[in-house]
Amino acid sequence: MQTNEQIAQDLLDIQAVTLSPQKPFVWASGIKAPIYTDNRLTIGYPEIRSRISAGLARLIMHEYPDVTDIGGVVTAGIPHATSTADRLGLPLMYVRSKPKDHGAGKQVEGHVDKEAKVVLIDDLISTGGSVLKAAEAVEAEGITVLGVAAIFTYELPAARENFAAAKLPLVTLTNYSTLIRQAEKAKILTGEEKESLLTWREDPWAWK
Numbered sequence: 000m001q002t003n004e005q006i007a008q009d010l011l012d013i014q015a016v017t018l019s020p021q022k023p024f025v026w027a028s029g030i031k032a033p034i035y036t037d038n039r040l041t042i043g044y045p046e047i048r049s050r051i052s053a054g055l056a057r058l059i060m061h062e063y064p065d066v067t068d069i070g071g072v073v074t075a076g077i078p079h080a081t082s083t084a085d086r087l088g089l090p091l092m093y094v095r096s097k098p099k100d101h102g103a104g105k106q107v108e109g110h111v112d113k114e115a116k117v118v119l120i121d122d123l124i125s126t127g128g129s130v131l132k133a134a135e136a137v138e139a140e141g142i143t144v145l146g147v148a149a150i151f152t153y154e155l156p157a158a159r160e161n162f163a164a165a166k167l168p169l170v171t172l173t174n175y176s177t178l179i180r181q182a183e184k185a186k187i188l189t190g191e192e193k194e195s196l197l198t199w200r201e202d203p204w205a206w207k
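This is how it looks when you write it as structure tokens:
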């Protein structure tokens with residue numbers, strides 16, 4: 000099984016991803032979605048956690064060979080950034096969602112080097128908003144952000160547009176298309192449910 004298929008299967012196996020086209024979830028944004036993802040669950044499974052860090056390390060070295068530092072996005076990106084940085088033997092930083100309201104008021108913590116070339120790691124990409132804000136915070140420190148690496152993406156049009164606007168590349172271990180194929184192979188989905196899920200991805204706000 001290829002890495003992208005294996006990671007998708009891992010997410011399904013531990014129910015980090017739940018598919019429910021008949022009873023959709025409501026996201027904080029108000030979008031009704033036939034999928035809910037909680038990749039925080041992955042840190043509780045050593046074998047899966049190891050596969051993720053190994054996959055991210057390979058992906059980063061292939062796509063971002065000039066990387067000198069790894070950055071984790073608060074909070075779910077931090078454990079995977081830590082284990083990936085360990086594998087690569089690279090310095091680590093992490094990025095808060097906003098600056099601290101006390102002390103030195105830092106938003107970027109850890110190895111903050113103006114000469115660094117950072118790859119930011121997050122667990123999940125929906126629209127890309129949070130990780131792109133993290134990238135802005137790192138760049139505000141005078142540090143170069145090469146791009147983003149994540150475990151999973153919904154492949155939403157908004158994410159493609161946002162990353163293009165930010166002029167930052169995104170690479171992921173697996174994605175929505177692969178996950179749907181794996182779910183269909185495992186007979187988790189019917190053909191009709193698969194089509195409904197694919198329709199949602201193209202226009203989440205219009206999906207019913």
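One point on numbering: in numbering that gives the first Met the number 0, the residue at position 193 of the sequence shown is 192, and numbering is uninterrupted.
Positions of the beta carbon are idealized from the N, C-alpha and C atoms, including for glycine.
Quantities reported herein were computed from a predicted structural model and do not represent experimental measurements.
Inter-residue Cα distance where the pair is residue i and residue j
i: Ile-47; j: Asp-37; result: 14 angstroms
i: Ile-142; j: Phe-151; result: 25 angstroms
i: Leu-145; j: Ala-205; result: 34 angstroms
i: Leu-89; j: Glu-191; result: 46 angstroms
i: Lys-113; j: Val-73; result: 21 angstroms
i: Glu-239; j: Glu-183; result: Past the edges of the chain, shown from 0 to 207, lies residue 239, and the structure says nothing about it.
i: Glu-108; j: Thr-189; result: 46 angstroms
i: Val-117; j: Ala-164; result: 19 angstroms
i: Lys-31; j: Ser-19; result: 11 angstroms
i: Gly-71; j: Ser-129; result: 12 angstroms
Cβ pair residue i, residue j closer than 8 angstroms
i: Ala-136; j: Gln-106; result: yes
i: Ala-133; j: Thr-67; result: no
i: Ala-7; j: Thr-177; result: yes
i: Thr-83; j: Ile-59; result: yes
i: Leu-167; j: Asn-3; result: no
i: Thr-9; j: Gly-76; result: In the sequence as presented, Thr is not what sits at residue 9; that position holds Asp. Cβ atoms of Asp-9 and Gly-76: not closer than 8 angstroms.
i: His-79; j: Leu-40; result: no
Opening and closing residue of the alpha helix (DSSP H) in which residue i lies
i: Val-137; result: 128 to 139
i: Leu-60; result: Residue identity check: residue 60 is Met in the sequence provided, not Leu. Per DSSP, Met-60 belongs to the alpha helix (DSSP H) from 45 to 62.
i: Gly-76; result: 76 to 87
i: Asn-3; result: 2 to 12
i: Asn-161; result: 156 to 165
Host beta strand (DSSP E) of residue i (start-end)
i: Thr-17; result: 16 to 18
i: Ala-149; result: 143 to 152
i: Lys-193; result: That residue, Lys-193, is in no beta strand (DSSP E); its alpha helix (DSSP H) goes 190 to 201.
Nearest neighbour of residue i, chosen from the options [CA to CA]
i: Ser-125; options: Lys-113, Leu-188, Pro-203; result: Pro-203
i: Ser-195; options: Lys-186, Ala-185, Lys-184, Ile-179; result: Ile-179
i: Glu-201; options: Pro-33, Ile-13, Gln-14, Arg-39; result: Pro-33
i: Leu-65; options: Leu-87, Gly-76, Pro-78, Ala-53; result: Leu is not the amino acid found at residue 65; the sequence shown has Asp there. Considering only alpha carbons, the answer is Leu-87.
i: Lys-207; options: Gly-70, Pro-156, Ser-49, Pro-23; result: Pro-23
i: Leu-131; options: Phe-162, Ala-149, Ser-19, Ala-148; result: Phe-162
i: Ile-187; options: Ala-53, Met-0, Asp-12, Gln-1; result: Asp-12
Residues near residue i by beta carbon distance below 6 angstroms, same chain, minus five either side
i: Ala-158; result: Ile-124, Thr-126, Gly-127
Sequence-distant residues of the same chain with beta carbon closer than 7 angstroms to residue i, five excluded per side
i: Tyr-175; result: Thr-152, Tyr-153, Glu-154, Arg-200
i: Val-16; result: Leu-10, Ile-34, Thr-36, Leu-178
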